[in-house]
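Residue numbers (the numbering used here): 3 to 284. Even glycine gets a Cβ: it sits at the ideal position worked out from N, Cα and C. Keep in mind that this is a model prediction, so the values were computed, not measured. Written below as C-alpha cells is the structure these notes are about.
Encoded structure:
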C-alpha cells in the first residue's frame, strides 16, 4: 500500500499545559498536523515553513484559533509520477544491478502492464520519460502504449554505477568488501563505489532532470520511470533530506510516487511507494 505523504512537518515544542489536540487532514495531497489551541494557549505568531524545502510551499498561520495551512499562490502545479521499473532476474538473485542493461523478467513484464493500467486510468500522463536502461524503458513503454505516447529516454534518470560491485551478488560483496558494505548500510552518503559513483553524483543529475522536465511540462502530469537508487535520492531531495537518510525511503518494484512541483525549488510529496495496483496482478 502506498504511503500518503504531505508536507514535511516542522518540529513543535509543547504549546501549553492545557488542552492539546491535533487534527490530521484526510486529503490525499495534504497530510499535516494542525494543532488546536485550548484556553490559554498561545501559538507562535511567526509563520513556519513546513514544505519540502527550507523555503516551504506551505506555511502555518493563525486563523480563528487554529494553525491553518496555506499554499503559495501564482504558479501552476506540475504533477510528476516517479515510478520504479519492474522486477528483473537480478532483483530475484539479489545482485547489484546499476548500469548493467538487464531486461524485465516475466513477473516484471506483468508488473509493468499492471502499473500501466493503473497510471493511465488514474492520472493519464501527457508525457513519459525513462532511464535509457532496458528495464526502465520496458516499464515506461507499457504505460506509453496505453496512453498513445512515445517514451523519451532521459540520461538524468540513469541508475548509479556500482563500479567493481556491478553484477555481484550481495552476499559475495559482503565477503569481498566488508568495510564498504558496512558503510553502505550505515552511512550510504559517504560511499564512493570503487570504479563507480556516489549517491551525490546520482542526486545531482537526477534533480537536474526533475527540474528540467517539470519546467518543460508546466502545469501538466508527466511520468518518469527510474531505479531504486535514483528514486530514493530524489525523494530525499524533495523532502529536504540529505543522502544520509537514503535508507529511510523505500521503493518496491513498480512503485508509484507522486510529486507536486510548485515552481523554483518548491516540491511536495503527495504519494509514496504505492504498489496497490500489484495486489490483483494477472
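Bridge-paired residues (DSSP) for residue i
i           : result
residue 200 : 194
residue 92  : Residue 92 pairs with nothing; no bridge assigned.
residue 263 : 80, 269
residue 141 : According to DSSP, which records beta bridges pairwise, residue 141 is partnered with nothing at all.
residue 226 : 84, 131
residue 180 : Note: residue 180 sits in no beta bridge, so no partner.
For residue i, the three-state DSSP class (helix, strand or coil)
i           : result
residue 62  : Legend: pLDDT at residue 62 = 36, less than 50; position of this residue unreliable, value from coordinates given subsequently. Residue 62 falls in the strand class under three-state DSSP.
residue 103 : coil
residue 185 : helix
residue 282 : coil
residue 231 : helix
residue 258 : strand
residue 206 : helix
residue 213 : helix
residue 146 : helix
residue 249 : helix
residue 126 : coil
residue 154 : strand
Residue i CB to nearest heavy atom of the ligand COA below 7 Å
i           : result
residue 263 : Ligands displayed in this structure: none; no statement on the ligand COA is therefore possible.
Counted within 10 angstroms of its Cβ, other Cβ atoms place residue i as buried (16 or more) or exposed
i           : result
residue 188 : exposed
residue 278 : exposed
residue 228 : buried
residue 208 : buried
residue 88  : buried
residue 214 : exposed
Beta-carbon contacts of residue i that lie in its chain and below 7 Å, excluding the five residues immediately before and after
i           : result
residue 171 : 95, 96, 97
residue 186 : 193
residue 211 : 156, 158, 159
residue 248 : 190, 191, 201, 234, 235, 238
Rounded Cβ spacing between residue i and residue j (contact assumed at less than 8 Å)
i           : j           : result
residue 204 : residue 162 : 5 Å
residue 106 : residue 233 : Not quite, the Cβ-Cβ distance comes to about 17 Å (not below 8 Å), so this is no contact.
Own chain partners of residue i with C-beta closer than 6 Å, once the 5 adjacent residues on each side are dropped
i           : result
residue 151 : 130
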